[in-house]
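Enquirer: Take this structure, written in structure tokens, and hold onto it; I'll ask about it next.
In my numbering, the protein residues as written are -9 to 141.
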């Protein structure tokens, strides 16, 4: 894939994301009466800046000289695709069943197991289980106990 095409596609994605954020922030309720700045101000400001920066970046990419070495290679593409697929599956299962901690454990376990290529299979499993439990416990303690947010 060429560098320019990849840049334009990513900028188009970010502009779409900024537009979605602006649209969503327009749905916010107004703040208390008499306030100049409501709850939608900051998301609209950040989204607007994101869109402006994307337009500037597209213009500078367009003006940049095209060279023969302008190809984009993505190293370890299979790991990136695996992570995206695992994340989508995690969010879908969490939304469908509501079992955050179980699916978070499975998600983290799969990532730790796949990305650790140096150890033996038994060590990889033990490290993945240990880290997944530790991170899950940390999330539980911070959100459920400290912040009283039920996940």
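Heads up, the beta-carbon is just placed ideally off N, CA and C, and yes, glycines get one too.
Give me the Cα-Cα distance between residue 113 and residue 84, rounded to the nearest whole angstrom.
Expert: Between residue 113 and residue 84, the C-alpha separation is close to 28 Å.
Enquirer: Three or more C-beta pairs under 8 Å: does that hold for the segment 40 to 51 against the segment 60 to 73?
Expert: The answer is no - the segment 60 to 73 does not touch the segment 40 to 51, with fewer than three Cβ pairs under 8 Å.
Enquirer: Helix, strand or coil: how does DSSP classify residue 100 here?
Expert: Helix.
Enquirer: What does DSSP give as the partner residues of residue -8 in its beta bridges?
Expert: 61, per the DSSP bridge assignment.
Enquirer: In this structure, does DSSP put residue 120 in helix, strand or coil?
Expert: Three-state DSSP puts residue 120 in a helix.
Enquirer: Just to confirm, is the Cβ distance from residue 35 to residue 4 under 8 Å?
Expert: In this structure, residue 4 does not lie closer than 8 Å to residue 35 by Cβ.
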